[in-house]
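In this note's numbering, the protein residues as written are 4 to 430.
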């Protein structure tokens with residue numbers, strides 16, 4: 004049966020596509036967060052230092068972000084389905100190959116370089132591309148749902164992976180991630196068309212026929228770099244890049260990579276610490292979806308200011324919390340509600356400034372900033388742990404950078420949706 008025949012819902016088939024992509028993003032988030040539960044088992048199994056393992060995590064996060072804008076251009080050049088299928092295959096193969104590793108450079112090559120390339124194409128920029136291609140209305144809400152997949156990845160995977168790690172070490176974690184990634188290949192092949200027009204539909208919310216989209220001509224590498232050059236001439240790009248750098252620094256870079264190890268230093272078992280991240284996942288699923296709804300209705304700059312301020316205060320509070328059950332629950336709720344709530348308003352500001360065509364690609368570069376920040380924090384956290392013997396100062400510094408991001412958000416000049424042919428105002 005071809006995809007063209009699998010369209011019983013009319014325009015609502017867009018929600019089928021979103022469902023499949025949600026699971027792809029969920030698995031990719033599970034892959035990237037797996038290092039947090041493997042850090043101590045790898046340290047025990049191989050005797051590798053914490054900062055060496057953190058370096059592998061940092062390389063993976065960095066390449067994960069850097070691959071985003073190039074994958075967005077590649078989706079326009081050779082097709083979204085081909086790009087996504089190739090990325091899933093790379094993710095599955097690279098994680099499986101790590102079962103054979105005996106040296107730290109092999110951890111960097113598999114969980115750093117290879118899985119970073121694969122998961123970079125199955126990331127926020129994929130969600131942005133899907134939302135722009137399949138929805139004319141309700142974009143903020145749908146981007147909120149897509150962004151929440153990362154939280155759901157934490158919710159579903161980390162407690163399970165932590166139990167696997169506690170039971171059998173790091174290898175069962177690797178096997179579970181590799182199998183889960185491979186299982187998505189047939190779903191994408193069967194259920195995800197290239198775009199609505201591929202199955203005779205229009206975007207959800209469109210009133211009538213829309214212009215036929217065509218592949219972007221030319222070299223996708225050139226397109227990616229030219230888009231960056233043009234965007235880099237605007238103030239709004241650098242404000243969004245800087246705030247998203249801090250977003251990555253304060254989320255999956257520090258908390259996502261080191262919170263379980265931090266809890267371990269404070270005498271909290273790995274499974275219990277993973278459960279804390281799962282609680283964050285529950286509240287982030289709520290918070291990010293709500294953020295998407297709010298983004299359709301309110302000034303995204305003000306939303307970003309509130310989100311970063313709450314995040315900063317939460318991180319500054321954590322080292323002084325005493326790590327009691329009540330204190331950690333308060334932290335999990337406050338921090339969880341805004342873990343990825345920044346994505347919908349940031350995407351809206353990007354689309355408003357750069358248009359529906361270039362917006363997702365520019366957003367890919369902004370997400371690259373997010374992952375550079377995350378990679379920096381992943382290594383910084385491990386370095387501070389080795390240098391000081393604890394994580395306290397690392398979390399306090401992260402909290403202060405989030406407060407700075409709240410202030411930066413208010414400097415972004417509001418934009419109205421513009422014509423695709425118009426150019427953003429130079430800085």
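Even for Gly, the Cβ is constructed at its ideal location relative to N, Cα and C.
**OP:** State the DSSP-derived secondary structure class of residue 138, mapped to helix, strand or coil.
**Re:** Position 135 of the chain shown, counted from the start, is the residue given in the question as residue 138. Residue 138 falls in the strand class under three-state DSSP.
Original post:
How is residue 394 classed by DSSP in three states: helix, strand or coil?
Top reply: On the chain shown, position 391 is the one that residue 394 refers to. Three-state result, residue 394: coil.
Original post:
Count the other CB atoms within 10 Å of the CB of residue 189; is the residue buried (16 or more) or exposed (fewer)?
Top reply: Within the chain shown, residue 189 is the residue found at index 186, counting from 1. With fewer than 16 Cβ atoms within 10 Å of its Cβ, residue 189 is classed as exposed.
**OP:** Would you check if the distance between the CB atom of residue 61 and the CB atom of residue 382 is smaller than 8 Å?
**Re:** Counting from 1 along the chain shown, the entry for residue 61 is found at position 58. Counting from 1 along the chain shown, the entry for residue 382 is found at position 379. Yes, these two residues count as a Cβ contact at 8 Å.
Subject >> For residue 259 and residue 397, the rounded distance between their alpha carbons >> reply: Walking along the chain shown from the start, residue 397 turns up at place 394. Walking along the chain shown from the start, residue 259 turns up at place 256. Those two C-alpha atoms are separated by around 13 Å.
Original post:
What's the C-alpha gap between residue 7 and residue 59?
Top reply: Along the chain shown, one-based indexing puts residue 7 at 4. Along the chain shown, one-based indexing puts residue 59 at 56. Confidence is the limiting factor: at residue 7 the pLDDT is only 45, short of 50, which leaves the residue's position unreliable and the question unanswerable from this model.
Original post:
Buried or exposed: which applies to residue 35, given that a residue is buried once 16 or more other Cβ atoms fall within 10 Å of its Cβ?
Top reply: Your numbering for residue 35 matches position 32 in the chain shown. Classification for residue 35: buried.
Original post:
By a C-beta neighbour count over all protein chains shown, 10 Å radius and 16 as the cutoff for buried, is residue 170 buried or exposed?
Top reply: Indexing the chain shown from 1 puts residue 170 at position 167. Exposed: under 16 other Cβ atoms inside 10 Å.
**OP:** Report all residues from its chain with a CB closer than 8 Å to the CB of residue 15; omit the five preceding and five following residues, and keep chain order.
**Re:** One-based indexing of the chain shown puts residue 15 at position 12. These residues qualify, in order along the chain: 207.
**OP:** Assuming residue 386 and residue 79 form a contact by the criterion Cβ under 8 Å, report the distance between their Cβ atoms to the nearest whole angstrom.
**Re:** Here residue 386 refers to the residue found at position 383 of the chain shown. Here residue 79 refers to the residue found at position 76 of the chain shown. Contact flag wrong, Cβ pair sits at about 38 Å.
Original post:
Between the region 20-31 and the region 119-131, do three or more beta carbon pairs fall short of 8 Å?
Top reply: yes
Original post:
Between which two residues does the alpha helix (DSSP H) containing residue 189 stretch?
Top reply: Here the question's residue 189 lines up with position 186 in the chain shown. It spans 187-194 - the alpha helix (DSSP H) in which residue 189 sits, taken as one unbroken run.
**OP:** Out of 316, 322 and 300, point me to the one whose CA is closest to residue 409's CA.
**Re:** Here residue 409 refers to the residue found at position 406 when the chain shown is read from its first residue. The residue with the shortest Cα to Cα distance from residue 409 is 316.
Original post:
Using 8 Å as the threshold, is the region 271-278 in touch with the region 336-352, meaning 3 or more CB pairs across them?
Top reply: Contact fails: fewer than three Cβ-Cβ distances are below 8 Å.
**OP:** Count the C-beta pairs between the region 296-307 and the region 369-382 that are closer than 8 Å, then say yes if the count reaches three, no if not.
**Re:** no
**OP:** Within its chain, find whatever has a CB closer than 7 Å to the CB of residue 192; leave out the 5 residues flanking it on each side and keep chain order.
**Re:** Mapped onto the chain shown, residue 192 falls at position 189. If we look at residue 192 and ignore the five residues flanking it on each side, its Cβ neighbours are 88.
Original post:
Is the CB-CB distance between residue 391 and residue 251 below 8 Å?
Top reply: As a working mapping, residue 391 is identified with position 388 in the chain shown. As a working mapping, residue 251 is identified with position 248 in the chain shown. Their beta carbons are not under 8 Å apart, which means residue 391 does not touch residue 251 by this criterion.
Original post:
Quick one: what's got a C-beta closer than 6 Å to residue 90's C-beta in the same chain, skipping five residues either side?
Top reply: As a position in the chain shown, residue 90 is number 87, starting the count at 1. For residue 90, where only same-chain residues beyond five positions count, the Cβ hits under 6 Å are 121, 124 and 125.
Original post:
Which whole runs of the alpha helix (DSSP H) in the region 319-374 are 4 residues long or more, in chain order?
Top reply: 328-340
Subject >> Integer Cβ distance of residue 372 from residue 72, believed to fall under 8 Å >> reply: Stepping through the chain shown from its first residue, residue 372 is reached at position 369. Stepping through the chain shown from its first residue, residue 72 is reached at position 69. Not really, about 10 Å apart at Cβ, beyond 8 Å.
**OP:** Please state if the CB of residue 331 and the CB of residue 415 are separated by a distance shorter than 8 Å.
**Re:** Taking the first residue of the chain shown as 1, we reach residue 415 at position 412. Taking the first residue of the chain shown as 1, we reach residue 331 at position 328. No, these two residues do not count as a Cβ contact at 8 Å.
**OP:** Could you say which of 318, 389 and 363 lies nearest to residue 403 if we only look at CA atoms?
**Re:** Along the chain shown, one-based indexing puts residue 403 at 400. Answer by Cα proximity: 318.
Original post:
Do you know offhand how far residue 101's Cα is from residue 209's?
Top reply: As a first step, residue 101 must be located in the chain shown, where it is residue number 98. As a first step, residue 209 must be located in the chain shown, where it is residue number 206. Each residue's alpha carbon lies about 46 Å from the other.
Original post:
Apart from the five residues on each side of it in sequence, which residues of its chain come closer than 7 Å, Cβ to Cβ, to residue 323?
Top reply: As a position in the chain shown, residue 323 is number 320, starting the count at 1. Within the same chain, residue 323 has no close Cβ partners at all.
Original post:
Short check: CB of residue 347 to CB of residue 39, under 8 Å?
Top reply: Along the chain shown, one-based indexing puts residue 347 at 344. Along the chain shown, one-based indexing puts residue 39 at 36. No; because the gap between Cβ atoms is not below 8 Å, this pair is not in contact.
**OP:** From the DSSP output, read off the bridge partner residues of residue 207.
**Re:** Residue mapping note: residue 207 aligns to position 204 of the chain shown, counting from 1. Paired residue(s): 138.
Original post:
Which residue's Cα is closest to the Cα of residue 405: 310, 82, 195 and 361?
Top reply: Taking the chain shown and counting its residues from 1, one reaches residue 405 at position 402. The option with the nearest alpha carbon to residue 405 is 310.
Subject >> Alpha-carbon to alpha-carbon, residue 196 and residue 203 >> reply: Here residue 203 is taken as the residue at index 200 of the chain shown, counted from 1. Here residue 196 is taken as the residue at index 193 of the chain shown, counted from 1. Answer to the nearest angstrom: the Cα atoms are 11 Å apart.
Subject >> Endpoints, alpha helix (DSSP H) assigned at residue 246 >> reply: The residue given as residue 246 occupies position 243 in the chain shown. Element bounds for residue 246: 238-253.
**OP:** Give the straight-line distance between the Cα atoms of residue 256 and residue 376, rounded to the nearest whole angstrom.
**Re:** By one-based count along the chain shown, residue 256 stands at place 253. By one-based count along the chain shown, residue 376 stands at place 373. Computed Cα separation, rounded: 7 Å.
Subject >> Any alpha helix (DSSP H) of 4 or more consecutive residues that is wholly inside the region 270-312 >> reply: 273-298
Subject >> Simplified DSSP state of residue 1, which is helix, strand or coil >> reply: Limits of the chain in this structure are 4 at one end and 430 at the other, which puts residue 1 out of reach.
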